Structure formats: C-alpha cells, structure tokens
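Colleague:
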Amino acid sequence: MKKNFEEFLKSQSNIIFDGAMGTELLNRGFSLDFPLEWANVVNPELVKQIHTDYILAGASCIETNTFGANECKLKVFGFENEVERINRYAVRIAKEAGDDKAYVIGSVGPLGKPVGSGFEIDARRAKEVYKRQLYFLLDEGVDAIIFETAASTHEVQIAIEALKELNDKIPYIIQFSFTKELSTIYGEDIYTVIEFLKSTDADVVGLNCGNGPQKTLEALKIFSQHLKGPFSVQPNAGYPQLVQGRLIFSTSANYFASFVPEYIKLGAKIVGGCCGTTPEHIKAIKEKVGEFLPSIEVEPVERKEEQNAVLKDTPSEFSQKLGKKFIFTVEISPPKGIELEKTKEGVKFLKEAGADTVNIADSPMARVRISPIALAHILKEELNMESILHFTCRDRNLISLQSELLGAAALGVKNVLALTGDPPSIGDHPQAKPVFDVNSEGLVLILSRLNSGTDYMGNPIGKATNFTIGVALNLNADDLEKEIEKLKHKIENGAHFIETQPIYEPESLERFFEKVNFKLPPILAGILPLRSPRHAEFLHNEVPGITIPDKIRQRMHNSKEPAKEGIEIACEIVEKIKHMVNGIYIMPPFEKYEMAAEIIRNFK
C-alpha cells in the first residue's frame, strides 16, 4: 500500500511529475472546438493513455485533466453545467491509469478573468467557482491539489481559502507563471509573489508555464534566495512557433533535461513539464535525475532595488478647486454630429454665468453622439473650459478603455466620471453588442493604476496620468445600504469626488450621511430643474433613481409659470443643502442652459 502524498513528499529527495496534457491531446487529434477537459467525458481512453505514457516514462505523479475545468472557463464553450462530470471523470481516469503506481494530483488553474471589485467576478463569486471544482476533485479522492499557472496573488489566496473550507488537511502546491520580465500577466513582480508565498502554508511552491527551461532557472535562482523550499519546477518546452495554424514547441528532450541538475541544486524537489513537453521529455528528466551528482555551483542572484521615480502629469484646474471652493458644473448634451457651434455658444454662456466646468455625457441612453473626449478637448482648446468626461464601460473592452483614457490624458482631458453605462438595447442601435469587461468600480481601479504609472496589468506606461476620478451616487436607490457599499468600494479603489443623482428632498442627503461610516471625498449634489408638470411626472414615474415629492409636483401643476417655478424649487433645494456638499452639478432639461445659468447666478 502506497504512503499518503505528504509522507511520500517528505521521504523522497526528488519526485517526477508528468508533462503537458493539452499538448498531447491536440497532438493525438482532439478537437480545439471543445474544451480540452471535455476529453474526460467523450474520449476517456485517450486521456488514460496519455497518463499511462507519462507513468511509463518515469512520472510518479500525474495531474488530472482539469486545469480549465472551472465554471468560468467552461462557460466560453457553453459547458458550464458540466463541471461535476468533467472533474469526477478526470480523477477516475487518472486513478485507473495510476493503479497505485502514481499519485493523482488535482490540477486547478486560474479562472481566466480578472477577479475583484468592479469586475464580472468578485471575490465572493470566485470562491464559489473554486469551491465547486475543488469539491468534486476532493470527493473523488485526489492525493493533493496543485494551483498552477497562477498569475494573481489575490486570486490564489481566494483559491486557498476555498480549499481550506472544504479540507484543511490535504497537501497543496502553488506554482506561479511569469513572463520573460519575471512578472505575472497581471503585473505582479516576482518579489511580490515571493512575499505572498511566505505567508502561505503550501507544502511546495514553484514555477510552471510562461517560460522555457533557461528563464525558469533564472526565476528559480531568485526563489532560492528568498524562500526555503522545497520547490517544484515545470517549464514549457521553450517558446512556441505558429506553424500551419498550430503552436509547435521545438525544445528537445535532452536540452530540457540538462537543466534538471541545476534545478535540484537550487532546491527543486518536484520536476516535470508544462506546455509542449511530452513523455519523451519526462523520460529524459528521469534519466538525468538518475545520473545526477551534486557538483554544479550556481551563483546566487541578489535582488536589485530600483528606485526610479515615476513622472506624473500636471493636475487639472478642477482638481485644484475641488474641496477648496464651492463648485458649479453643468451637464451639456453632446451633439449627434460634428456641428458644434450651438454647443460652443451654450458653453460660453455658462462660463460667463459662472460655471466652473461642464459635464459631457458619453452617448447617453446608448444613443450615438460625438465622442466626449473630442468635445472636451475642443472646449478646452477653444474656450478654455474644462470638462468632466463621462466615461462608460458599455462599448469598450479592457484594452480600449485604457487606450482611450491615455488618449484623453494626452489631449489634456483629466477629469473623469466613471460610469458603467446604459445597455445598448435601450438605445438607437439595439443590435450593438455590449462589452462591460468591468463596471464603474473596476473603471475607477483602472484610472487609479494609470495615475500610479501602470496599466491595469501592472505594465509601466512611463509618465503617469493625473486623472481626477469621479463616481455617481443614487440617494434614492431601492437598497441604499447596497448603494453605500458600492460607493465604499469605489472610494477604496481611488475615487476623488462624488456626483449624485438629482436631489428633490434634502432629507435624502441627510439619511445618506447618517448611514455612512467612512470618510467621503467632496460631493457635488445633483440638481435637475423642472420645466413643466409633465416633465416632473415623467421623471418621477419613468426615470429610475429619481423621486419627486408630491408637494413639489403639485407646485409645478399649480404654477402659471412652471419653468420659473422649477428654477425657484431648484434654488430652494440648493440653499438647504449647500452647507452639506462641496458643489452643485446641474442637469438642465432639453439643453435649457439659461435655467442652469440663473441658478448659478443666484449663488455666485
């Protein structure tokens, strides 16, 4: 009877793992039209044969074919309901192939999407996804778990917590994957990962994927200088080439295995392969371990500290006023086309009335309008009027979000209101596909990272941006507690100011302050002057987030001059709340900028 894996790990000087499963499945004809893990269900004999070949080559541990068998990755293929079957079958196949000759290690890969507040998958959801996969692996009796090709310390911590909640005794291994620059694809450098690994109680930590054997050796040298080990090392078979539509790895088995003595000398107990490696590579490793003599001197690599200061863009005029003076900003409607004279005349008028800045909506109601970045740049250049750019996640993926924001900064547009955006289905192009890679919380985080001199993935961008980041607040949300919690996350992610939805009851602002138990940035209170009784009824009955008290709607019905009455109501609200906020954000109806101007003049 074989020992349990923990005892086996302690008793062995070196342990050989298997090589790539995905590469072998594709080499042996499995279709790319399906997730590779689906082979467990539709071609179990193929999976079993690959496991068997690795065992015959010398592997004493085989990993289940479950690297991407989580709900998030399987959903891409429409297989999200097959998590149980795929994972259970995988363990059963591996056990049958191992037949007491090899230990079965449950392979768990990343979720494949950013995890965190503001993204599609938050921490709570990520833990649910991990627990679901881990439950089936554990229930089928794997000998250990390996979290491999990790790229985010935050995500790995969530995965560890999920495992501990299910079984806090089972051994587990953590392997991170690094780029050629020795950072993860999410921008965490190798030293950040090392500090995280120090805080875990993993049985083995190490490296896999990302690089070939030479670059992996460099990373392992750094690991060995800062961590006790033992280590696991499973590099790729070099870097792939695209040949006739397929990725081909050309690193030979003998060259690959030639690094094994150096790995072992640096503390590697587990050695195996990742992408591109085959049973031939594992056989070569087995032979090299057998002949290894500890005679290789490896020079230690010390960490080089770099203290390069990050240059930062200049701040906006708006940011220098924020919190120091009472601000008035007015929302303007971007035109449908390129005729801008009417818009410019309106902005000139507002500036003369005393507006500090203007808000420019981003294709509001999902209806096509001129780019707010272009309009903001023109207003700054021609009228010396700064704008608060409304920027939504609706139409842009992670790449485009960052690209356009960098473009805005280069054009001098530095104030951004981070919004999720209206769905295209309500607009004039309902067939347009929404993106929503992130929501407003995630967009705030992206803006903050650009302000620190990196993109979302942590790649340096040179000179840092200096965005003043705003967020929206709905004081009339059905669930105010949830709205406040979302606001808290936005502030933690780096928000500098708040703009509220229209306020018609000062009490709503007071209720908000009573419920908040954290520090707030400056607030600009939303004011939408009413134009007519019908306008008031429409807003109250049809627009989410707006509640107009009966007495105000009645005043509008009773007034002989409703537009004038609307301005008076707006001024009364401003008077009641001005001591509680740092400014006013006016949303004039139907481009009636004279209404906004009159409100501003009453308080200037």
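Using full-length UniProt numbering, you'd call the opening residue of the sequence shown number 1 and step up by one each time. Ideal placement from N, C-alpha and C gives every residue a C-beta, glycine not left out. Please read all numbers here as calculations on a predicted model, not as lab measurements.
Note down, one range per segment and in chain order, each beta strand (DSSP E) of at least 3 residues found wholly within the region 371-429.
Modeller: The region 371-429 contains these whole beta strand (DSSP E) runs: 387-392, 415-419.
Colleague: Would you call Pro549 buried or exposed, if buried means 16 or more other Cβ atoms sit within 10 Å of its Cβ?
Modeller: In the sequence shown, counting from the first residue as 1, residue 549 sits at position 549. By the 10 Å Cβ count, Pro549 comes out exposed.
Colleague: Out of Leu111, Ile105, Phe590, Leu56, which has the shortest C-alpha to C-alpha gap to Phe8?
Modeller: As a position in the sequence shown, residue 8 is number 8, starting the count at 1. Of the candidates Leu111, Ile105, Phe590, Leu56, the one whose C-alpha sits nearest the C-alpha of Phe8 is Ile105.
Colleague: Just to confirm my understanding: we take Asp53, look at its own chain, exclude 5 residues before and 5 after, and list those with CB closer than 7 Å. What are they?
Modeller: Numbered from its first residue, the sequence shown carries residue 53 at position 53. Pro279.
Colleague: Give the DSSP-derived three-state secondary structure of Asn81 in the structure shown.
Modeller: Residue 81 sits at position 81 when you count from the first residue of the sequence shown. Asn81: helix per DSSP, three-state reduction.
Colleague: Hey, quick one: how far does the alpha helix (DSSP H) through Gln49 stretch, first residue to last?
Modeller: As a working note, residue 49 is residue 49 in the sequence shown. Note, Gln49: alpha helix (DSSP H), 44-57.
Colleague: Any idea what DSSP makes of Lys578, helix, strand or coil?
Modeller: Your numbering for residue 578 matches position 578 in the sequence shown. Coil.
Colleague: With 16 other CB atoms within 10 Å as the buried threshold, where does Arg303 fall?
Modeller: Position 303 of the sequence shown, counting from 1, holds the residue named residue 303. Bear in mind that a pLDDT of 45 at Arg303, under 50, signals an unreliable position, so the model cannot answer this.
Colleague: Determine the extent of the beta strand (DSSP E) in which Thr547 is found, giving its start and end residues.
Modeller: Translated into positions along the sequence shown, residue 547 becomes position 547. Segment: none, Thr547 is in no beta strand (DSSP E) and carries neither H nor E.
Colleague: For the 8 Å Cβ check, are there 3 or more pairs between the region 500-507 and the region 430-439?
Modeller: Cβ pair count under 8 Å is below three, so no.
Colleague: In this structure, does DSSP put Ala90 in helix, strand or coil?
Modeller: For the purposes of this step, residue 90 is taken as residue 90 along the sequence shown, with counting starting at 1. Three-state DSSP puts Ala90 in a helix.
Colleague: Taking just the CA atoms, how far does Glu218 sit from residue 637?
Modeller: Residue 637 lies beyond the range of the chain shown here (1 to 604); nothing can be said about it.
Colleague: Give the secondary structure of Val435 by DSSP, where H, G and I count as helix, E and B as strand, and everything else as coil.
Modeller: The residue labelled residue 435 in the question sits at position 435 within the sequence shown. Here Val435 sits in coil by DSSP.
Colleague: Can you tell me which of Asp18, Ile360, Glu195, Thr357 puts its alpha carbon nearest to the alpha carbon of Cys61?
Modeller: Here the question's residue 61 lines up with position 61 in the sequence shown. Considering only alpha carbons, the answer is Asp18.
Colleague: Three or more C-beta pairs under 8 Å: does that hold for the region 64-73 against the region 106-113?
Modeller: The region 64-73 vs the region 106-113: in contact.
Colleague: Quick check on DSSP: helix, strand or coil for Phe326?
Modeller: In the sequence shown, counting from the first residue as 1, residue 326 sits at position 326. Three-state DSSP puts Phe326 in coil, outside helix and strand.
Colleague: Under 8 Å between C-beta atoms, does Ser183 make it to chain B?
Modeller: In the displayed structure, chain B is absent; only one protein chain is listed.
Colleague: Quick check on this structure: which residue in Ile16, Gln12, Glu6, Gln49 has the alpha carbon closest to the alpha carbon of Asn27?
Modeller: Working through the sequence shown from its first residue, we reach residue 27 at position 27. For Asn27, the nearest C-alpha among the options comes from Gln49.
Colleague: Would you mind working out which of Leu182, Gly458, Ile360 sits nearest Met587, comparing C-alpha positions?
Modeller: As a first step, residue 587 must be located in the sequence shown, where it is residue number 587. Of Leu182, Gly458, Ile360, the residue nearest in Cα terms is Ile360.
Colleague: If Leu375 and Leu405 are in contact, beta carbons under 8 Å, what's the gap, nearest whole angstrom?
Modeller: Within the sequence shown, residue 375 is the residue found at index 375, counting from 1. Within the sequence shown, residue 405 is the residue found at index 405, counting from 1. Between Leu405 and Leu375 the Cβ distance is about 16 Å, and since that is not below 8 Å, they are no contact.
Colleague: Report back the beta-carbon spacing between Asn155 and Gly346 to the nearest angstrom; my notes put them in contact at under 8 Å.
Modeller: Your numbering for residue 155 matches position 155 in the sequence shown. Your numbering for residue 346 matches position 346 in the sequence shown. Reading the sequence as shown, one finds Glu at residue 155 and not Asn. That belief does not hold up - the Cβ atoms of Glu155 and Gly346 are roughly 48 Å apart, past 8 Å.
Colleague: Expressed to the nearest angstrom, what Euclidean distance is found between the alpha-carbon atoms of Thr454 and Phe196?
Modeller: Counting from 1 along the sequence shown, the entry for residue 454 is found at position 454. Counting from 1 along the sequence shown, the entry for residue 196 is found at position 196. Roughly 21 Å between the two C-alpha positions.
Colleague: At the level of alpha carbons, what is the spacing between Met385 and Ile190?
Modeller: Here residue 385 refers to the residue found at position 385 of the sequence shown. Here residue 190 refers to the residue found at position 190 of the sequence shown. Distance between the alpha carbons of Met385 and Ile190: 45 Å.
Colleague: With DSSP collapsed to three states, give me the class of Ala472.
Modeller: Looking up residue 472 in the sequence shown gives position 472. Ala472: strand per DSSP, three-state reduction.
Colleague: In this structure, how does DSSP classify Phe467 when only helix, strand and coil are distinguished?
Modeller: Locating residue 467 in the sequence shown gives position 467, where the first residue counts as 1. In the structure shown, Phe467 sits in coil (DSSP, three-state: anything other than H, G, I, E or B).
Colleague: Using DSSP bridges, identify the partner residues of Ser107.
Modeller: On the sequence shown, position 107 is the one that residue 107 refers to. In the DSSP output, where bridge partners are listed per residue, Ser107 has Ile146.
Colleague: If you compare alpha carbons, which of Cys209, Arg449, Ala59 is closest to Gly187?
Modeller: Translated into the one-based positions of the sequence shown, residue 187 becomes position 187. It is Arg449 whose Cα lies nearest to the Cα of Gly187.
Colleague: Considering only the beta carbon of each residue, do Pro171 and Ala144 sit closer than 8 Å?
Modeller: Within the sequence shown, residue 171 is the residue found at index 171, counting from 1. Within the sequence shown, residue 144 is the residue found at index 144, counting from 1. In contact: Pro171 and Ala144 (Cβ atoms closer than 8 Å).
Colleague: Which full runs of the beta strand (DSSP E) of 3+ residues lie inside the region 231-283, going along the chain?
Modeller: List check, beta strand (DSSP E) in window: 231-234, 241-243, 246-248, 268-271.
Colleague: For Lys10, which residues of its own chain have a beta-carbon under 7 Å away from its beta-carbon, when the five flanking residues on both sides are left out?
Modeller: On the sequence shown, residue 10 is found 10 positions in, with the first residue counted as 1. Answer for Lys10: no residue qualifies.
Colleague: Comparing C-alpha positions only, which one of Gly58, Arg531, Gly22, Ala57 sits nearest to Leu46?
Modeller: The count along the sequence shown starts at 1 and reaches residue 46 at position 46. Nearest option by C-alpha distance: Gly22.
Colleague: With a 10 Å radius around its C-beta and 16 neighbouring C-beta atoms as the bar for buried, classify Ile264 as buried or exposed.
Modeller: On the sequence shown, position 264 is the one that residue 264 refers to. Under this definition Ile264 is a buried residue.
Colleague: According to DSSP, is Ala366 helix, strand or coil?
Modeller: Within the sequence shown, the letter at position 366 stands for residue 366. Three-state result, Ala366: helix.
Colleague: Gly238: which of Leu227, Asn211, His226, Pro261 sits nearest, CA to CA?
Modeller: Here residue 238 corresponds to residue number 238 of the sequence shown, with the count starting at 1. Of the candidates Leu227, Asn211, His226, Pro261, the one whose C-alpha sits nearest the C-alpha of Gly238 is Asn211.
Colleague: Please confirm if the region 33-40 is in contact with the region 76-92, defined as three or more CB-CB distances below 8 Å between the two stretches.
Modeller: The region 33-40 is in contact with the region 76-92.
Colleague: Can you find the residues in the same chain that come closer than 6 Å, C-beta to C-beta, to Leu530, ignoring five residues on each side of it along the sequence?
Modeller: Walking along the sequence shown from the start, residue 530 turns up at place 530. So the qualifying residues of the chain are Ala536, Met556, Gly566.
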